[in-house]
Amino acid sequence: MRDLVTSCIAGYLNSTPLLDLNYLEDSAGGPDVTVGFLPKLDKVTLLQMDAKLPVDIVENVMQLAIEGCKAIATYIREVLLENTKQLEYRRGL
Numbered sequence: 001m002r003d004l005v006t007s008c009i010a011g012y013l014n015s016t017p018l019l020d021l022n023y024l025e026d027s028a029g030g031p032d033v034t035v036g037f038l039p040k041l042d043k044v045t046l047l048q049m050d051a052k053l054p055v056d057i058v059e060n061v062m063q064l065a066i067e068g069c070k071a072i073a074t075y076i077r078e079v080l081l082e083n084t085k086q087l088e089y090r091r092g093l
């Protein structure tokens, strides 16, 4: 495994960029961006937009989604490391 693949959705509602929209925020009809991200490579692998946004707003919303992806990747790595340590301990390694 070379990298984790993480994804996040960020949207724009009432002039505010939002990360991980809940049902009400998503249903309000504001545009959102789905980003798939490879954190080790610092590379976006998926970008999906459901509406048009001005360039400066798209950059802010995308950056928010990327930061969310990085946070998820950090958390996943911590959980994987902890689980690996527990398995090693149980096996007597």
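Numbering (the UniProt record's numbering), first residue to last: 1 to 93. A virtual CB, placed ideally from N, CA and C, is assigned to each residue, including glycine. Source: prediction; values computed, not measured.
Presumed contact (8 Å Cβ cut-off) between residue i and residue j, rounded CB distance
i, j, result
"Ala-65", "Ala-28", "With a Cβ gap of about 18 Å, Ala-65 and Ala-28 do not count as contacting."
"Lys-70", "Pro-39", "6 Å"
"Gly-92", "Cys-8", "Going by Cβ atoms, the distance from Gly-92 to Cys-8 rounds to 39 Å, so no, they are not a contact pair."
"Asp-3", "Leu-41", "6 Å"
"Ile-72", "Tyr-12", "At roughly 20 Å, the Cβ-Cβ gap does not stay under 8 Å, so Ile-72 and Tyr-12 are not in contact."
Of the listed residues the options, nearest to residue i (C-alpha basis)
i, options, result
"Asp-20", "Tyr-89, Glu-78, Val-61", "Val-61"
"Val-44", "Lys-85, Val-5, Val-58, Leu-87", "Val-5"
"Ser-15", "Asn-83, Leu-53, Tyr-89, Leu-24", "Leu-53"
Buried or exposed (CB count within 10 angstroms, at least 16 for buried), residue i
i, result
"Val-35", "buried"
"Tyr-75", "exposed"
"Val-33", "buried"
"Phe-87", "The identity of residue 87 in the sequence shown is Leu, whereas the question assumes Phe. Burial call: exposed."
Enclosing alpha helix (DSSP H) for residue i [first to last residue]
i, result
"Ser-27", "23-27"
"Gly-36", "Here Gly-36 belongs to no alpha helix (DSSP H); instead the beta strand (DSSP E) covers 32-38."
"Lys-85", "55-91"
Minimum Cβ-Cβ distance from residue i to chain B less than 8 Å
i, result
"Gln-63", "The structure shown has no chain B; it contains just one protein chain."
Extent of the continuous beta strand (DSSP E) run through residue i
i, result
"Ser-7", "6-13"
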